[in-house]
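In UniProt numbering, the protein residues as written are 1 to 212. For every residue, glycine included, the Cβ atom is placed at its ideal position computed from N, Cα and C. Below is one structure; the comments refer to it alone.
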Amino acid sequence: MNNEQTKIPQATAKRLPLYYRFLKNLHASGKLRVSSAELSEAVKVDSATIRRDFSYFGALGKKGYGYNVSYLLSFFRKTLDQDEITEVVLVGVGNLGTAFLNYNFTKNNNTKIVMAFDVDEAKVGTEVGGVPVYHLNELEERLHERITVAILTVPAHVAQPITDRLVQKGIKGILNFTPARLNVPESIRVHHIDLAIELQSLVYFLKNYPSE
Ligand code: ATP
């Protein structure tokens, strides 16, 4: 993301990819304007929040007139650095890792998994979803400065030492799918997605806060 991003609150920045994907589809279908109510319905964010978010982008929609779709799209493209592909590394080609390698991220946003690492000799030397799988021993020699993001899908007990090596090699952001809580320097960003906890919490909410 570029410098303009620094003025945008983090909560707003997190919603940008959501807005971007929806607006891209709208634009493709030839729509020129969109109201905050339509957007709200599509992305499930309340329209007051959308209006506040959009005010940070300098996109002030007129009442009953809506927002200019191309303006917003070009703003998002610039802000999200959509013109540039972010190269990503994945560590741990198990069931979850394999699913990510087979999933074409580039379709919806400009990130691309360019290489993967594992320690299982049966997986090393193969390609999964067109991505080469190398031995973890080769991590330091294979990583290069264009790769700034890592996806961790290894067993929890090896997550921290692998994280330390990734950080040492200049990785700036980690998407952590392991249950491990990672210790990283302040300058490194970790997003933690624990699928088991998310599922458990969904079930808990369904049981304890059933909707009418
Ligand atoms: P599978 O069924 O293929 O073993 P899984 O997702 O059930 O997958 P996990 O035990 O979570 O299995 O391991 C995920 C992947 O991480 C496996 O491919 C495993 O070989 C790999 N792995 C284990 N230890 C390491 C390590 N130290 N470095 C890199 N990869 C590792």
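Euclidean distance between Cα positions of residue i and residue j
i	j	result
S201	D194	11 angstroms
Y19	V43	7 angstroms
S187	D164	13 angstroms
Q160	R189	14 angstroms
K207	H191	27 angstroms
N204	A196	First, the amino acid is wrong: residue 204 is Tyr here, not Asn. Near 12 angstroms, if we compare the C-alpha coordinates of A196 and Y204.
P155	S55	43 angstroms
L182	D46	33 angstroms
E84	F105	14 angstroms
L26	L16	15 angstroms
K78	F22	16 angstroms
A99	S211	33 angstroms
Residue i, DSSP secondary structure in three states
i	result
Y19	helix
L90	strand
T126	coil
D164	helix
N183	coil
H27	helix
N104	coil
I51	Just to set this straight, residue 51 is Arg in the shown sequence, not Ile. Correct three-state label for R51: helix.
L152	strand
V45	coil
G58	coil
I197	helix
G97	helix
Close Cβ partners of residue i (< 7 angstroms) along its chain, the five nearest in sequence each way excluded
i	result
K123	V93, V133
V158	none
Unbroken beta strand (DSSP E) run spanning residue i, endpoints
i	result
G173	173–176
V190	189–192
V133	131–135
Check: residue i C-beta below 8 angstroms from any heavy atom of the ligand ATP
i	result
P179	no
D164	no
V154	yes
T98	yes
D118	yes
G125	no
L136	yes
G66	no
G92	yes
N95	yes
V158	yes
Same chain, Cβ closer than 8 angstroms to residue i, neighbours up to 5 away in sequence not counted
i	result
V149	T86, E87, V88, V89, T111, I171, K172, G173, I174, L175
K169	L139, E140, L143
A11	none
K24	L73
Residue i, enclosing alpha helix (DSSP H) - first and last residue
i	result
R142	139–142
R77	69–79
F117	First-last for F117: 111–118, but that is the beta strand (DSSP E), not the alpha helix (DSSP H).
Sequence-distant residues of the same chain with beta carbon closer than 6 angstroms to residue i, five excluded per side
i	result
G66	R33, V34, S35
F117	V91, Y134, L136, L139
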